[in-house]
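Remarks on the structure that follows.
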Amino acid sequence: MATGGCEITSDEIFNFKCTPCSKKNKNREAVKYCVECQGYCCRSCVDIHEDFPALEGHQLLDKSDFKSTGITSDLPDLPTVRCKIHTVKVMDMYCGNHDVVGCTSCMALSHRSCTDVQLVPDIINTVFKKEDADDTSLKLQDKIKQLEKIIQTRLSLLKELKGSKAEAITAITDFIKELEVILQNLKKKSLNEVEEEYHKTKSMLEEEKKKAETEMKDMKQADNDIRQLEVNKTQTFVNTKIAQEKATIADEVIMSLKSPSNTKIKFQVDTDIRDTLRRLKSLGELYISSSTAFKPRASVYSITGTSDMNIKLPYERNTCHIVGSCLTETGMLLLTDYNNRKLKRTYVTNLSAIDYCEFSDIPHFVCATNKQEAAVTFNHKAIQFVSIGKQMARTRQLTVGHRCYGIAYNEDKLYITDNSSSLYIHDMTGNLLQTVSKDSAGNPLFTKSRDIAFSDNKDKMFVVDFTNKMRTLDIHGNHTDTYTDSDLVYDSGVDTDRRGNIFVCGYGSNNIVQIGQDGKKKGVIATASDGLVNPFTICFDPTQSVLFVTQRNNNKMKIFNLK
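All the letters of the sequence shown, read from the start, carry residue numbers 8 to 570 under my numbering.
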């Protein structure tokens with residue numbers, strides 16, 4: 008019977024209707040159930056399954072396997088997920104020995120020796136627990152949240168990456184503009200030199216020309232005087248003698264002007280500039296800096312291992328005294344040897360290899376300014392820059408108006424202590440930007456200002472003073488806090504763990520104290536019982552959680568593995 012354009016094949020009531028036909032308003036009795044399609048099939052739809060290769064592997068159940076409930080919405084309680092390996096098979100097998108599911112092929116290949124392999128429908132009522140599904144769902148939700156957090160982080164990093172790309176392009180563009188200004192200035196100076204030389208030579212030639220013209224005029228006049236007065240022998244005689252005298256003078260002028268000066272202007276370009284530019288592969292160095300922060304740490308570090316590293320070179324006569332140390336972003340550990348007048352270098356991945364750069368004067372502290380350069384302080388009011396490429400080499404030097412002791416670098420500024428009453432802030436060309444010596448009340452901040460470290464986000468700096476205190480200042484040099492500790496005697500070195508903690512070593516107390524960046528003490532990490540004797544400087548590697556400690560007049564550096 009047809010009504011409203013809808014085809015109804017039969018008015019019979021079937022316990023199980025064909026699912027595909029029902030969607031087309033056709034009432035047909037189902038004779039099979041397709042596990043993969045999760046629907047009932049009449050004879051025609053079963054034939055379709057056999058006709059199409061893509062449907063050939065579907066599992067078709069006989070009518071006798073249907074639930075005889077009389078409710079057409081009930082479906083057989085059977086797995087429908089296909090195996091990812093054997094794609095035509097349904098994962099309807101369970102291995103109790105390994106607690107995994109799979110298809111018959113999986114079980115035959117990988118679980119043939121297992122004794123507890125069964126069909127899922129046969130054991131579903133005994134092995135399935137709703138709380139297991141609920142617990143798994145909670146775990147999955149937790150993983151989803153973690154992944155969502157990772158996705159948000161990556162989105163943030165992608166935004167940051169895009170911004171950093173724009174900054175890099177701007178830096179290149181600005182650098183090009185700077186080079187263009189320099190080239191324009193050089194062009195202007197070179198053109199001025201050409202103009203100056205041109206006008207100078209032109210004036211000389213015009214003066215010589217004028218001189219020759221004057222002499223020629225005199226010669227013509229003298230010759231004319233002789234010719235006009237031939238009737239007067241006496242006057243002719245006088246004019247002749249005068250003319251002869253003028254001729255003699257003219258000889259001197261002619262001799263001086265006979266050989267003309269070089270008058271062609273030539274400009275010899277500085278080919279070194281061109282050749283240097285041709286040798287360059289880029290306008291600078293491109294590198295990816297990690298913005299991933301280390302996970303904050305609230306607990307006190309403990310020592311898991313201790314070792315000593317010999318830092319004395321074979322031919323050195325003097326005992327080593329490492330005053331300053333720093334770790335570069337490429338994993339170089341830089342050490343200033345006061346007694347042997349060297350900047351020494353080793354790598355955290357290969358502590359046995361040491362190379363060095365020698366100085367004529369005594370070095371104090373060191374800091375890295377970038378991946379390829381470090382700055383070393385000297386007592387004679389100087390800062391020596393050192394290239395830290397494949398081979399270390401001294402480069403430029405800055406002379407300032409004060410003693411130089413501790414040094415740190417941040418955002419194109421150098422922060423320098425003088426082992427006395429002040430902290431100085433300079434730009435990278437040596438210009439003094441600020442002197443910090445007193446707090447807001449006018450009280451002196453330092454007595455023996457020494458080592459400097461920056462907070463994790465670079466908005467604060469920690470300056471240790473040898474008179475048992477550590478000053479905290481903001482990036483503008485304003486005093487914000489003072490830390491004192493009876494456990495620390497003669498604070499000499501400071502560094503951070505990049506996880507919210509500060510390490511300070513006590514030269515007189517032979518120990519290292521851990522302080523939170525909130526200014527609260529967390530604990531003592533190492534003491535004299537760990538082999539510390541007059542620790543002078545400390546340097547922490549956050550990647551490996553290793554603390555390097557140098558000691559006064561000691562050929563060995565202490566290495567503490569922390570956890």
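All residues carry an ideal CB built from backbone N, CA and C; glycine is no exception.
Where residue i falls, given that 16 or more other Cβ within 10 Å makes a residue buried
| i | result |
| --- | --- |
| C121 | exposed |
| A140 | exposed |
| R50 | exposed |
| I545 | buried |
| F274 | exposed |
| D54 | exposed |
| K351 | buried |
| Y101 | buried |
| V373 | buried |
| I78 | Legend: pLDDT at I78 = 37, less than 50; position of this residue unreliable, value from coordinates given subsequently. Exposed: under 16 other Cβ atoms inside 10 Å. |
| T424 | buried |
| E167 | exposed |
| L290 | exposed |
| G312 | exposed |
| I158 | exposed |
| E222 | buried |
| A37 | buried |
| I522 | buried |
Distance between residue j and residue i (C-alpha atoms, nearest Å)
| i | j | result |
| --- | --- | --- |
| H433 | Q441 | 7 Å |
| D81 | K156 | A caution first: D81 carries a pLDDT of 49, below 50, which makes its placement in the model unreliable, though a value can still be read off. Cα to Cα, D81 sits roughly 40 Å from K156. |
| K445 | L452 | 5 Å |
| V245 | Q251 | 10 Å |
| C48 | E57 | 12 Å |
| N346 | T278 | 44 Å |
| A40 | L67 | Residue 40 is actually Tyr in this sequence, not Ala. Between Y40 and L67, the C-alpha separation is close to 5 Å. |
| L287 | K172 | 21 Å |
| V556 | H371 | 16 Å |
| K169 | T177 | 12 Å |
| K152 | N325 | 60 Å |
| M399 | V393 | 7 Å |
| M114 | K150 | 29 Å |
| F135 | D106 | 12 Å |
| T4 | M211 | Any property of residue 4 remains undetermined from this structure, which presents the chain solely from 8 to 570. |
| M564 | L147 | 49 Å |
| V443 | S429 | 6 Å |
| L62 | S552 | 59 Å |
| G573 | M435 | Nothing can be reported for residue 573: it is not among the residues displayed for the chain, which extend from 8 to 570. |
| L193 | R348 | 40 Å |
| Y422 | I459 | 8 Å |
| K397 | G103 | 60 Å |
Residue i, DSSP secondary structure in three states
| i | result |
| --- | --- |
| T79 | Because T79 carries a pLDDT of 43, less than 50, the predicted location of this residue cannot be relied on, and no value is offered for it. |
| K224 | helix |
| H56 | helix |
| Y363 | strand |
| G408 | coil |
| K218 | helix |
| F385 | strand |
| C113 | helix |
| G312 | strand |
| K528 | strand |
| G484 | coil |
| L421 | strand |
| C28 | helix |
| P128 | helix |
| L284 | helix |
| N34 | coil |
| H371 | strand |
| G331 | strand |
| L212 | helix |
| H65 | coil |
| E380 | strand |
| N317 | strand |
| H588 | This structure cannot settle anything about residue 588, because the visible part of the chain is limited to 8 through 570. |
| N562 | coil |
| A257 | helix |
| N541 | coil |
Residues that DSSP places opposite residue i in a beta bridge
| i | result |
| --- | --- |
| M339 | Y354 |
| Y497 | Answer is none; Y497 lacks a bridge partner. |
| G46 | C41 |
| Y416 | L421 |
| C121 | Paired residues: none, contrary to the question. |
Residue i: CB within 7 Å of a non-hydrogen atom of the ligand ADP
| i | result |
| --- | --- |
| K240 | By its list of ligands, the structure shown contains no ligand whatsoever, and the ligand ADP lies outside what it can speak to. |
Quiz prompt | Segment contact flag, the stretch 457-467 with the stretch 410-420, C-beta cutoff 8 Å, min 3 pairs | solution = In short, these stretches touch, since the Cβ pair count reaches three.
Quiz item: Looking at C-beta atoms only, is the number of pairs between the stretch 239-255 and the stretch 157-165 that lie closer than 8 Å three or more?
Solution: Contact fails: fewer than three Cβ-Cβ distances are below 8 Å.
Exercise. Tell me, please, whether the stretch 223-238 touches the stretch 202-211 by the rule of three or more beta-carbon pairs shorter than 8 Å.
Key: No, the stretch 223-238 is not in contact with the stretch 202-211.
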